[in-house]
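Novice:
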Amino acid sequence: MTKVKAVIKGVGGFVPSYVLTNEELSKMVDTSDEWIMERIGIKERRILLEEGLATSDMATSAVNQLLEKTNTKPEEVDMLICGVVTPDMQFPATANIICDKVGIKNAFGYDMNAGCSSFLFALVTASKFVESGTHKKVVVVGADKMSSIVDYNDRNTCPIFGDGAGAVLLEPTTEENGLIDSFMQVDGSGRHHLHQVAGGSLRPATFETILRRQHFIYQEGQPVFKAAVANMADASIKMMERHNITHESLKYLIPHQANMRIIEATARRMKLEKDKVMLTITKYGNTTSATIPLCLWEYEKELRKGDNIIIATFGAGFAWGACYIKWDYDGSKVALPID
Ligand code: UT7
-3 MTKVKAVIKG VGGFVPSYVL TNEELSKMVD TSDEWIMERI GIKERRILLE
47 EGLATSDMAT SAVNQLLEKT NTKPEEVDML ICGVVTPDMQ FPATANIICD
97 KVGIKNAFGY DMNAGCSSFL FALVTASKFV ESGTHKKVVV VGADKMSSIV
147 DYNDRNTCPI FGDGAGAVLL EPTTEENGLI DSFMQVDGSG RHHLHQVAGG
197 SLRPATFETI LRRQHFIYQE GQPVFKAAVA NMADASIKMM ERHNITHESL
247 KYLIPHQANM RIIEATARRM KLEKDKVMLT ITKYGNTTSA TIPLCLWEYE
297 KELRKGDNII IATFGAGFAW GACYIKWDYD GSKVALPID
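Now the structure itself:
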């Protein structure tokens, strides 16, 4: 029997209109455009400023665009997984809220939190439902309002993060394109280097947790940096070796966008030329769960049927991995202009 695979049929994206520049950040903390560009490679990031708007609102815009581009009716969607570390609230799942806002009424879904690997883990998980034959139109979202947990008094973390959302539609195929292979891993001992201390069952919110600023991101940059390079590169090399993908036959590596130096060091370890690496970090920063779908959204017009693509991510947990995708369609025919 021919094996059923999951294939990406379209991409939607959304970034808020407010642009937070390095110049503006330099007025908030002791930093500079030069330092941020040299050490992180981020020029600006988008921030969802409007009061009353949350992660689900950005995700809803991305999913609405995705459904319009793929001529899909909300009621045809039978599953939605949302990769997210900044859910609208602890419960219910942001996936449920997105479904309600979009009008997706015949689906089940849930959130997936794997730090900056949330979208990759959600994509691979969703593909298993498609491969098993139980689900035929599955939306995978990656969305985060990082500005809701960034401490704008902490120069170590505030230049890094931005807000955004992206989504893809998975459908079954028996052709050779689609999500072909993946490798994912977690190492919980890395949790001490990158986390949000309070707000969970270990340290519920109190006046003290607020005074100690424990509801914001805490990160020890260097151990995260080192582990990110080694693990993203090695997981990607694993995909290339397993499928005889050469540097020539690889169209794009899509790495998680956390730091330009991490991306460059990952490409160097893979001996990959820079023009094969998707980059959005300079204009959007690290949007956590949204970096990968936003890359696909930005570069969709460059993608053609049969292109070999590797996605690689690393994030809090530690949680990391890579997947190999053979692209399914001519992106130049459907990509929308992006400012
Ligand atoms: O997506 C989730 C995964 N996250 C990541 O992948 C992030 C991984 N880590 C990184 O990207 C980098 O480690 C950072 C960007 C967070 C930091 O860069 P670094 O080159 O590792 O700097 P550092 O932490 O070693 O700090 C070097 C110096 C320190 O000053 P002293 O102690 O040497 O006097 C910092 O206080 O740079 C200082 N510094 C800054 N200076 C100006 C830290 N942040 C800033 C800043 N502006 N924004």
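Residue numbering for the sequence shown follows the numbering used here, starting at -3 and increasing by one per position.
For every residue, glycine included, the Cβ atom is placed at its ideal position computed from N, Cα and C.
With 16 other CB atoms within 10 Å as the buried threshold, where does residue 24 fall?
Specialist: Position 28 of the sequence shown holds residue 24. Result: exposed.
Novice: Which same chain residues, not among the five before or five after residue 300, have their C-beta less than 6 Å away from its C-beta?
Specialist: The sequence position of residue 300 within the sequence shown is 304, counting from 1. Only 326 meet the Cβ criterion.
Novice: Check whether the stretch 179 to 198 touches the stretch 32 to 52, taking contact to mean three or more Cβ pairs, one atom from each stretch, closer than 8 Å.
Specialist: no
Novice: Using only the heavy atoms of the ligand UT7, determine whether one of them is closer than 8 Å to the beta carbon of residue 218.
Specialist: Residue 218 sits at position 222 when you count from the first residue of the sequence shown. At least one heavy atom of the ligand UT7 is nearer than 8 Å to the Cβ of residue 218, so yes.
Novice: As a quick exercise: from 284, 126, 329, pick the residue whose alpha carbon is nearest that of residue 3.
Specialist: In the sequence shown, residue 3 corresponds to position 7, counting from 1. Selected option, being the one with the closest Cα: 126.
Novice: Any chance the CB of residue 215 is under 8 Å from a heavy atom of the ligand FAD?
Specialist: Judged by which ligands are present, the ligand FAD is missing from the structure shown, whose ligands are the ligand UT7.
Novice: Could you spell out where the beta strand (DSSP E) holding residue 260 opens and where it closes?
Specialist: Translated into positions along the sequence shown, residue 260 becomes position 264. No beta strand (DSSP E) holds residue 260; the alpha helix (DSSP H) holding it covers 256 to 265.
Novice: Using three-state DSSP, classify residue 206 as helix, strand or coil.
Specialist: Numbered from its first residue, the sequence shown carries residue 206 at position 210. In this structure, residue 206 counts as helix in the three-state DSSP scheme.
Novice: Would you check whether the ligand UT7 has a heavy atom nearer than 8 Å to the C-beta of residue 112?
Specialist: In the sequence shown, the residue the question calls residue 112 occupies position 116. Because some heavy atom of the ligand UT7 lies under 8 Å away, the Cβ of residue 112 counts as near it: yes.
Novice: Would you kindly work out how many angstroms separate the C-alpha atoms of residue 307 and residue 55, rounded to a whole number?
Specialist: Taking the first residue of the sequence shown as 1, we reach residue 307 at position 311. Taking the first residue of the sequence shown as 1, we reach residue 55 at position 59. The alpha-carbon atoms of residue 307 and residue 55 are separated by roughly 21 Å.
Novice: For residue 19, tell me which candidate among 27, 12, 203 has the shortest Cα-Cα distance.
Specialist: Translated into positions along the sequence shown, residue 19 becomes position 23. Considering only 27, 12, 203, the residue with the shortest C-alpha distance to residue 19 is 27.
Novice: Just list the residues that DSSP pairs residue 40 with in beta bridges.
Specialist: To locate residue 40, count along the sequence shown from 1; it is residue 44. The partner list for residue 40 (beta bridge, DSSP) reads 17.
Novice: Measure the Cβ-Cβ separation of residue 142 and residue 82 and say whether it is below 9 Å.
Specialist: Taking the sequence shown and counting its residues from 1, one reaches residue 142 at position 146. Taking the sequence shown and counting its residues from 1, one reaches residue 82 at position 86. Taking C-beta atoms as the reference points, residue 142 and residue 82 count as a pair closer than 9 Å.
Novice: Tell me the DSSP bridge mates of residue 342?
Specialist: For residue 342 there is no data in the structure shown, the boundaries of the chain being -3 and 335.
Novice: Does the Cβ-Cβ distance between residue 341 and residue 283 come in under 9 Å?
Specialist: Residue coverage of the chain in this structure runs from -3 to 335, which leaves residue 341 outside it and unanswerable.
Novice: Do you know whose CA, among 98, 204, 224, 161, lies nearest residue 183's CA?
Specialist: Translated into the one-based positions of the sequence shown, residue 183 becomes position 187. The shortest C-alpha separation from residue 183 is found at 224.
Novice: Between residue 255 and the ligand UT7, is there a pair consisting of the residue's CB and a ligand heavy atom that are separated by less than 8 Å?
Specialist: Translated into positions along the sequence shown, residue 255 becomes position 259. Yes - the ligand UT7 has a heavy atom lying nearer than 8 Å to the Cβ of residue 255.
Novice: Is the beta carbon of residue 78 less than 9 Å from the beta carbon of residue 48?
Specialist: As a first step, residue 78 must be located in the sequence shown, where it is residue number 82. As a first step, residue 48 must be located in the sequence shown, where it is residue number 52. Cβ distance not < 9 Å, so residue 78 and residue 48 don't count as in contact.
Novice: Roughly how many angstroms separate the alpha carbons of residue 135 and residue 285, rounded to a whole number?
Specialist: If you number the sequence shown from 1, residue 135 lands on position 139. If you number the sequence shown from 1, residue 285 lands on position 289. Those two C-alpha atoms are separated by around 14 Å.
Novice: Could you tell me the distance, in whole angstroms, from the CA atom of residue 196 to the CA atom of residue 148?
Specialist: Counting from 1 along the sequence shown, the entry for residue 196 is found at position 200. Counting from 1 along the sequence shown, the entry for residue 148 is found at position 152. Looking at the two C-alpha atoms, the distance is approximately 22 Å.
Novice: Based on DSSP bridge pairs, tell me the residues matched to residue 191.
Specialist: Here residue 191 corresponds to residue number 195 of the sequence shown, with the count starting at 1. BP columns for residue 191 point to 214.
Novice: What is the rounded straight-line gap between the Cα of residue 279 and the Cα of residue 0?
Specialist: In the sequence shown, the residue the question calls residue 279 occupies position 283. In the sequence shown, the residue the question calls residue 0 occupies position 4. Each residue's alpha carbon lies about 37 Å from the other.
Novice: With DSSP run on the structure shown, which of helix, strand or coil describes residue 94?
Specialist: Sequence index remark: in the sequence shown, residue 94 carries index 98 (1-based). Note: residue 94 maps to helix in three-state DSSP.
Novice: Kindly indicate which three-state DSSP category residue 85 falls into: helix, strand or coil?
Specialist: Here residue 85 is taken as the residue at index 89 of the sequence shown, counted from 1. Reduced to three states, the DSSP call for residue 85 is coil.
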